[in-house]
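Engineer:
Protein chains in written order, with my numbering: chain A, 4 to 111; chain B, 4 to 111.
(1) I want to verify the contact list: residues of chain A whose CB lies under 7 Å from the CB of residue 47 of chain B, in sequence order.
(2) Within 10 angstroms of its Cβ, does residue 91 of chain A collect 16 or more other Cβ (buried), or is it exposed?
(3) Quick one: using the 10 Å Cβ neighbour count with 16 as the cut-off for buried, is residue 45 of chain A buried or exposed?
(4) Under a CB-based cut-off of 8 Å, is residue 42 of chain B close to chain A?
(5) Counting only runs of 4+ residues fully inside the stretch 27 to 110 of chain B, write out the alpha helix (DSSP H) ranges in chain order.
(6) Just to check my reading of the structure: residue 97 of chain A and residue 10 of chain A have Cβ atoms closer than 8 Å, yes? What is that Cβ distance to the nearest angstrom?
(7) Would you say residue 31 of chain B lies against chain A (beta-carbon separation less than 8 Å)?
(8) Using a Cβ-Cβ distance under 8 Å, would residue 55 of chain B count as near chain A?
(9) For residue 88 of chain B and chain A, any beta-carbon pair shorter than 8 Å?
(10) In chain order, what residues of the stretch 65 to 96 of chain B put their CB closer than 7 Å to some CB of chain A?
(11) Taking 8 Å as the CB-CB cut-off, is residue 12 of chain B touching chain A?
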């Protein structure tokens, strides 16, 4: 599947930006909530280092995942849909070929 | 100051172990409290990463600091006293030359 040279119209760019930001806000909001909950149960050193391990992993994951380059955006959206941070219908407005590719990738 | 080949009597070893554990428990207890407090104020992503940075630094520091080898224990105790995790009188029972060295190191 060749997706790196796909053209994005202005309308598609707007849809993509909005969807991207929405997914990001959802994931961050969930992360903040998770951190507060996990931290509230910290009672010994092992809990502290577990929280640290959790944050290290999440930071690495989030830093890598939210990559807004049009050459990789189809993959990013497929992952966000698969993980539940984005609904397919929030990508309405993208060309059919893009949506088809995203759906195909979510099934892999 | 040559401290690496100091002899420790059985009584001194017991005093040292007890003092070491007491300082460790105090510092860990304070850390757990700090983590809970800092985490309870987390409300956005920047706070999450600040907490992560804080934990990374503390982990590195604590891993390095609590080194129970008799060859370095004089330095460890001096640091713990200096940082307030240990009181000098909790080292009562150590030979005078050791206490003198610890006091001298705390003033550096």
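Built from N, CA and C at the ideal position, the CB exists for glycine as well.
Structural biologist: Checking against the coordinates, here is how it stands:
(1) Contact of residue 47 of chain B with chain A by beta-carbon distance below 7 Å involves 35.
(2) exposed
(3) buried
(4) yes
(5) 48 to 68, 76 to 86, 99 to 109
(6) Actually they are not in contact, since the Cβ atoms of residue 97 of chain A and residue 10 of chain A sit about 12 Å apart, beyond 8 Å.
(7) yes
(8) At a cut-off of 8 Å between beta-carbon atoms, residue 55 of chain B makes contact with chain A.
(9) no
(10) none
(11) False, the Cβ-Cβ gap to chain A never drops below 8 Å.
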